[in-house]
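Chains as they are written, first to last, in my numbering: chain L, 1 to 226; chain H, 1001 to 1157. What follows is a short report on a single structure.
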């Protein structure tokens, strides 16, 4: 077991785990877009950034690729970390505003403006589909093509691959394939429709009725049996 | 270093298998491009997924998946060459030989490519013809360089 300090808490975790897994084990939420527990970590989306090190000397690292070590001091919720995540979310919003996951993250982190020209890409190059195809499906039908700003994901020769079994795992795992909900600001780069909604049950019952996250306010439309 | 024979080419073999780059370079040298059937056969013989071979082929600018001309003309558009007027030189070559930038002339004779830096900025601007470096180019010199070749009498000197 390895002893370390996570958000001021003395914790001990098994050797060989990553900071992300340790934080998850202790119930601390770290947002991710390119992480899946069944796949090898990749460190592409940078959303899981955490501060590692002594105060004043701490640096930002991606938690999904950082292995735990004896005596580490890790903070997952400092201003620096949150600011970095907000910036990354803003960039993702500009490149992929049609994704529900990214819109949800924007609302969760209170990102309310996008200062970049929207690109309306359909991919954030997180590599989840490439990894699920290789590691779980043992197919290796898709991969990264080209490089730099021209990088994209495709099959060999941009045609239907013989290795592909049409299993659909790549679409299942894709964080941006799920279209955003059709909120009131459908046409705009940023939705924010679910930003700062206090659960309506608080007003009605004076108590939060469930631990659903995000709040399923729509369920309350139904008349309760009286 | 250990060697392996793939598709009749002798290529180095490391601990992780045959070097894909070395094999693709050998194919590119021989055929001036990478034919699809060769890539498929190479993947089978090396027992690597086809997508890995294709990714490597698309990653490097020196590999081409479409047939290239018999003469490779590369103009440098790096900072030093750009400042000293490489754009005009590229235009001049393009006009003299009738070949669009980053493409091959219809008769399959010339391919014109622009690259970002060839590492010889002291003699900017540069034009490389079939691996031969021509420094301190001007549009006039560039035109002369190809004047004979374009008429089809002799190959580029």
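Even glycine gets a Cβ: it sits at the ideal position worked out from N, Cα and C. Being a predicted model, the structure only gives us computed values, none of them experimental.
Rounded C-alpha distance that separates residue i from residue j
i, j, result
"residue 1006/H", "residue 1012/H", "10 Å"
"residue 1098/H", "residue 88/L", "46 Å"
"residue 1086/H", "residue 1033/H", "26 Å"
"residue 1121/H", "residue 63/L", "42 Å"
"residue 1055/H", "residue 1130/H", "26 Å"
"residue 35/L", "residue 42/L", "7 Å"
"residue 68/L", "residue 1070/H", "56 Å"
"residue 27/L", "residue 99/L", "26 Å"
"residue 1156/H", "residue 1095/H", "Because the pLDDT at residue 1156/H is just 46, under 50, the model does not fix this residue reliably, and the point stays unresolved."
"residue 134/L", "residue 177/L", "19 Å"
"residue 1101/H", "residue 174/L", "37 Å"
"residue 1022/H", "residue 1008/H", "13 Å"
"residue 1003/H", "residue 1053/H", "19 Å"
"residue 1025/H", "residue 97/L", "41 Å"
"residue 1061/H", "residue 186/L", "41 Å"
"residue 227/L", "residue 52/L", "The first residue shown for chain L is 1 and the last is 226, placing residue 227/L beyond what the model contains."
"residue 1135/H", "residue 144/L", "36 Å"
"residue 146/L", "residue 1016/H", "23 Å"
"residue 16/L", "residue 2/L", "9 Å"
"residue 79/L", "residue 13/L", "25 Å"
"residue 1140/H", "residue 1079/H", "21 Å"
"residue 158/L", "residue 23/L", "40 Å"
"residue 1125/H", "residue 1137/H", "5 Å"
Residue i Cβ short of 7 Å to the ligand GTP heavy atom set
i, result
"residue 182/L", "Looking for the ligand GTP in the displayed structure turns up nothing, as the structure carries no ligands at all."
Range covered by the alpha helix (DSSP H) that runs through residue i
i, result
"residue 25/L", "19-25"
"residue 178/L", "Unbroken run through residue 178/L: none, as it is neither H nor E."
Endpoints, beta strand (DSSP E) assigned at residue i
i, result
"residue 1044/H", "Careful: residue 1044/H lies outside any beta strand (DSSP E), inside the alpha helix (DSSP H) at 1036-1046."
"residue 40/L", "That residue, residue 40/L, is in no beta strand (DSSP E); it is neither H nor E in DSSP."
"residue 1002/H", "1002-1006"
"residue 1075/H", "1071-1076"
"residue 1113/H", "1110-1115"
"residue 1053/H", "Not the beta strand (DSSP E): residue 1053/H falls in the alpha helix (DSSP H), residues 1050-1059."
"residue 1094/H", "Looking at the DSSP string, residue 1094/H is not in any beta strand (DSSP E); the run it does join, the alpha helix (DSSP H), is 1086-1097."
"residue 5/L", "2-6"
Distance between beta carbons of residue j and residue i, contact taken as under 8 Å
i, j, result
"residue 94/L", "residue 114/L", "5 Å"
"residue 124/L", "residue 142/L", "Going by Cβ atoms, the distance from residue 124/L to residue 142/L rounds to 15 Å, so no, they are not a contact pair."
"residue 180/L", "residue 139/L", "Contact flag wrong, Cβ pair sits at about 29 Å."
"residue 1074/H", "residue 1113/H", "5 Å"
"residue 132/L", "residue 39/L", "6 Å"
"residue 49/L", "residue 61/L", "7 Å"
"residue 155/L", "residue 1051/H", "7 Å"
"residue 31/L", "residue 105/L", "6 Å"
List in chain order: all unbroken alpha helix (DSSP H) runs of 4+ residues lying wholly within the stretch 44-120 of chain L.
79-95 and 100-108
Using Cβ-Cβ distances below 7 Å, what residues of the stretch 131-148 of chain L are close to chain H?
140, 141, 142, 143, 144, 145, 146 and 147
At a CB distance below 9 Å, what residues from the stretch 162-186 of chain L approach chain H? Give them in sequence order.
162 and 163
Interface positions of the stretch 1026-1045 of chain H facing chain L (Cβ-Cβ less than 9 Å), listed along the chain:
1036, 1039, 1040 and 1043
Interfacial residues, the stretch 1057-1090 of chain H to chain L, with Cβ spacing under 7 Å
1058 and 1059
Write down every uninterrupted run of the alpha helix (DSSP H) in the stretch 1118-1152 of chain H whose length is 4 residues or greater and which is fully enclosed by it, in chain order.
1139-1151
Using a beta-carbon distance cut-off of less than 7 Å, what residues from the stretch 58-92 of chain L approach chain H?
none
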